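**Student:** My structure is below; once you've seen it, I'll send some questions.
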Amino acid sequence: MKSNTICLLLGVHAHQPVGNFTEVLEDAHQRCYRPFLHTVHRYPDFRFAIHFSGWLLDHLQRVYPEDMQLLREMVARGQAELFGGGDTEPVLAVIPERDRLGQLQALSHRLERVLGERPNGAWLTERVWEATVVPALHDASIQYVTVDDYHFLCAGKDVTDLNGYFSTEEDGKRLDLFPISEELRYRLPFSPANEVVAYLEHLADQGACDAAAIYFDDIEKFGIWPETYEWVYEKGWLTQFIEGVLASPKIRTSRYSDYHASTRSRGVVYLPTTSYIEMNEWTLPAPRAHHFADMVEQSKANNRFAEDKPFIRGGIWKNFFMRYAESNWMHKRMLQLSARLAQLPARKRTAEQYELLYEAQANDAYWHGLFGGLYLPHLRRAVYNGIVKLEAQLDKVDERPASLIQDLDMDGKSEVFLRNQKLQAVVRLDGLGSVCELDAYLLGHNFGDTLRRRDEHYYRKIHLRETQQHSGSGIASAHDRVSFKHEILPQDMQIDRYPRDSWIDSLLLADGQEVAFDNYVHEATESTKAALLLKGSARGVSVAKRYRVAAQRLTVDYRIKGAVPGSFRTTLNLAMPSCDGPAGRFVMDGAVLGGFGQPLTLDGITQLELLDDILRGRVYIRTSLPVAWRSYPYFTVSQSEAGFEKIMQAVCIELLWRDTRSVMEIDLEYEPLG
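Per my numbering, the very first residue in the sequence shown carries number 151; after that it's consecutive.
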C-alpha cells in the first residue's frame, strides 16, 4: 500500500576554507548564514540538519554569538540536528587513519561544547567516498553519512530505490549511508518554491510508507551564489518553501537521527570510489576532460544520459595529485609531518601541533574545479602556514639533519632539503636544479608557493566565449553559468614549460635561443653542512652552481666558463602575500619604486628590497655584481562560481648578468617587520 506522505530530510553544509579573508566571512554571514538561521528559527516545526566545519564554527561563535545562540536553541528544542565531520574539512580519504579519527573527534567535541550536542551523522567533504574511511567514522561514533545518489547508481542501484538509507561495512565495522537526491540538489533553491513543493508531493504519491526525500548540500547556495540572496531572502523563496512544506498534508519534515532511529536499513551496499559527477570531470587533465564532457553531451543529446550516467565515471579525487604537482607536493609534505608528529613520544606532542597539522589538511587548497581553492594563493598559504609552523616546532624537539636527500613527492626524482632553524631551501634534482620550496620559519611562510600555468578544460569555454545556458523558471545554478570577471587574453593562458620555481637558469646565446640546463650532477660540498653543488653544461658552456643556507639567508653562486657577456640569466618566482594589492612594494635606498603588481625594469643594480605588510616581513635580494633587473606579476586564469578570473600567483624576477667572467653571487635574505 502506497503512502501519501514523504519524509523530507533536509540538510545544509556550511564551510569556509582555513585562511579565508575576513571580508569574505562577513559577506557570507550577512547574506547567507544569518538570514538562513533567522528564517528557519521562526518555524519550530520545520526540522533540518546542519553542518559547520570547525574553523568556521569557531569564527561565527566568536564574532556572531547571538546568531549561534539561535542555532543552539533550535538544537535544544529538537528542530535542528548537528552533523559532524573532519574539523578543518579534510578529504578523509587522503589523510592517515590516525588523523581521520582525530579530525572527527575534534569536531564532535567542539559541537558538544559550543552547541550542546554530539553528532550521530557526518558530512563527507565533497562527498568523496572511499571505503577506507568507514573504520574511522565508526570508531568516532558516527552512525551514518550522506553521499550522492550517483554513488549508488554506480554500484548498480536504481534511482527509484534510493528513498531510504543503506548499510555498508569495512573491516567488519558498520556505517549507514543516505543517498542525496541529485534532482533535489538541482531544484533547491533554483526552482520556484511551489514547484519544489509540488515535486515533493509527487514523490509522496510514488513512494513507500517510509520513503524519504533526501537533500544535503552547500548552504552557500542559499544566499552566496550569484542572484541567490535576492531570490532566497528578498523575494522570499525560503519562507515560501518552508511554509509550503509545512502546509502540505503529503510532506513531513524530520531530522536524520529521528528517521534513522525509526526506520530500518534498505540493505547492504558497497560503493565504488567516487565523488559527484562534476568532480569526476574536474579531476581529469584537459584532453581527457574534453572527451568526458563530449560524451556527457552526446549522451544527453541522444536522451540516454539517465541510463548511461552510472557508467560515465571520469576520474577520482586523488587524481588532483597527479594533475597538479603543487597539490601533490603539499600533500606529501603534510604526510611527512603527520608521520613525524605521530612518532614523537606523547609527552612531546602538543594540542597546538595537532591544530597546525589539521589546518594543513584542509581540503580547499588541494583541488580545483568550479569550486576548490588550489588557484587561490591565500588558501595555499594557509596550508603552508600550518606546514611551516609545525615543522619549526618539530625541529625544536626532534631536529633533522642540515641536509637530506629524498624523493618526497614520488616523481622518480630526488629533492635536497637544506635547512637550519630559520630557513629551508628545497632543491629539485631534476635537471633544472631549481628551488621548489623556500621556507622562512620566523614568518611561517613558503616563498616557493607558486602555481604553474597549465592547460585547463575550461579554457575551451573561454576560447569559444560560450554564454550562459539556462532555461525554465527560477534562477540559474552556478553549474549553468559562464561569465567573465576579468578580460582574458590568449597570453594569459599560455602554458608554462617549466615549474614556477626559483633559480631557473638560462643561457641567452648569440642566436637568441634560450637554453635551460638539463644535465646537472649534484655533490655535497665540505664548506658547510647546508650546502649543495650542482654542475652542468650547455653548448660548450660549463656552470657550477652552489646553494648555501646560513641564518635567514640563501646564497647561490655561479662559476661559468665559456659564456659570452650578457648571456646568463636566472629567474625567481616569489610568492608574496600582498600580490598586486597596495601592501606590497619594491624599495631601493628608502624610495618606493612601485608595487608587486607593476612591471619593473632596472639596470646595473646590486640590491633591492621587497616589502610586504601582509607578510609582516621583507626580502632583500643582493648580487655581488651589477645585474639588469626585470620583474612583473605572474597571473593564472581560473574559474569559480562567480566567473573566469585572473589571479596573481607570484612576482617573477629575471636577473641578467652582463659580466660572467667572475664568480656571480646572489643572496636572498628575509627579515620580519618589527
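Idealized CB from N, CA, C, for every residue including glycine.
None of the values given here were measured: they were computed from a predicted structure.
(1) Quick check: the Cα distance between residue 373 and residue 334, rounded to an integer number of angstroms?
(2) Quick one: measure Cβ to Cβ for residue 159 and residue 364, integer angstroms, because I've assumed they're closer than 8 angstroms.
(3) Can you tell me the Cβ-Cβ gap for residue 638 and residue 794, rounded? I've got them flagged as a contact below 8 angstroms.
(4) Give a yes or no on whether the C-beta atoms belonging to residue 316 and residue 473 are separated by under 7 angstroms.
(5) Specify the secondary structure class of residue 366 as computed by DSSP and reduced to three states.
(6) According to DSSP, which residues form a beta bridge with residue 596?
(7) Given this structure, state the Cα-to-Cα distance separating residue 618 from residue 231, to the nearest angstrom.
(8) Where does residue 223 fall in DSSP's three states?
(9) For residue 631, is the classification buried or exposed, using 16 other Cβ atoms within 10 angstroms of its Cβ as the cut-off for buried?
(10) Is the CB-CB distance between residue 330 and residue 296 below 7 angstroms?
(11) How big is the Cα-Cα spacing for residue 426 and residue 208?
(12) Identify every residue that forms a DSSP beta bridge with residue 157.
(13) At least one CB of chain C closer than 7 angstroms to the CB of residue 352: is that the case?
(14) So, does the segment 379 to 386 touch the segment 181 to 191, judging by three or more C-beta pairs under 8 angstroms?
(15) So residue 182 is in the alpha helix (DSSP H); what residue range does that whole segment cover?
(16) Return helix, strand or coil for residue 373, following the three-state DSSP convention.
(17) Counting pairs of beta carbons, one from the segment 512 to 526 and one from the segment 254 to 267, are three or more of them closer than 8 angstroms?
(18) Is residue 612 helix, strand or coil when you go by DSSP?
(19) Mark residue 702 as exposed unless 16 or more other C-beta atoms lie within 10 angstroms of its C-beta, in which case mark it buried.
(20) How many angstroms separate the CA atom of residue 172 from the CA atom of residue 764?
(21) Measuring alpha carbon to alpha carbon, tell me which residue in 384, 307, 388 is nearest residue 345.
(22) Do residue 651 and residue 585 have their beta-carbon atoms positioned less than 7 angstroms apart in this structure?
(23) On a Cα-Cα basis, can you pick out the residue from 157, 226, 236 that is closest to residue 164?
(24) Below 7 angstroms CB to CB, which residues in the same chain sit around residue 537 once its five sequence neighbours on both sides are set aside?
(25) Compute the distance between the beta-carbons of residue 568 and residue 786, then report whether it is under 7 angstroms.
(26) Grouping DSSP H, G and I as helix and E and B as strand, with all else coil, what is residue 536?
(27) To the nearest angstrom, how far is the alpha carbon of residue 708 from that of residue 776?
(28) With a cut-off of 8 angstroms, do at least 3 Cβ pairs link the segment 353 to 360 to the segment 307 to 322?
(29) With hydrogens ignored, establish whether the beta-carbon of residue 560 is closer than 6 angstroms to any heavy atom of the ligand GTP.
(30) Residue 192: buried (16+ other C-beta within 10 angstroms of its C-beta) or exposed?
(31) Considering residue 742, what are the terminal residues of the beta strand (DSSP E) in which it resides?
(32) Counting pairs of beta carbons, one from the segment 725 to 745 and one from the segment 802 to 810, are three or more of them closer than 8 angstroms?
(33) Give, in chain order, every unbroken run of the beta strand (DSSP E) that is at least 3 residues long and sits entirely within the segment 226 to 268.
(34) Tell me where the beta strand (DSSP E) around residue 761 begins and ends.
(35) In the DSSP assignment, find the unbroken beta strand (DSSP E) run with residue 274 in it and report its ends.
(36) If the criterion is Cβ atoms closer than 7 angstroms, does the pair residue 147 and residue 187 meet it?
**Tutor:** On the basis of the data shown:
(1) 17 angstroms
(2) That pair is a contact at about 5 angstroms.
(3) 6 angstroms
(4) no
(5) strand
(6) Beta-bridge pairing links residue 596 to 589.
(7) Interpretation of residue 618 is limited by its pLDDT of 49, a score under 50 that renders its predicted location unreliable; no figure is taken from the coordinates.
(8) helix
(9) Because residue 631 carries a pLDDT of 47, less than 50, the predicted location of this residue cannot be relied on, and the following value inherits that uncertainty. With 16 or more other Cβ atoms within 10 Å, it is buried.
(10) yes
(11) 28 angstroms
(12) 362, 402
(13) No chain C appears in the structure shown, which is made up of a single protein chain.
(14) Yes, they touch.
(15) From DSSP, residue 182 is part of no alpha helix (DSSP H); its letter is neither H nor E.
(16) coil
(17) no
(18) helix
(19) buried
(20) Pairing residue 172 with residue 764, the inter-Cα distance amounts to about 13 angstroms.
(21) 388
(22) yes
(23) 236
(24) Scanning its chain for C-beta atoms nearer than 7 angstroms, with the 5 sequence neighbours on each side dropped, one finds around residue 537 the residues 483, 484, 487, 510, in chain order.
(25) At the C-beta level, residue 568 and residue 786 stay beyond 7 angstroms of one another.
(26) Three-state result, residue 536: helix.
(27) 14 angstroms
(28) yes
(29) This structure lacks the ligand GTP; in fact it carries no ligand of any kind.
(30) exposed
(31) 741 to 745
(32) no
(33) 230 to 234
(34) 750 to 762
(35) For residue 274, there is no enclosing beta strand (DSSP E), as DSSP marks it with neither H nor E.
(36) Past the edges of the chain, shown from 151 to 824, lies residue 147, and the structure says nothing about it.
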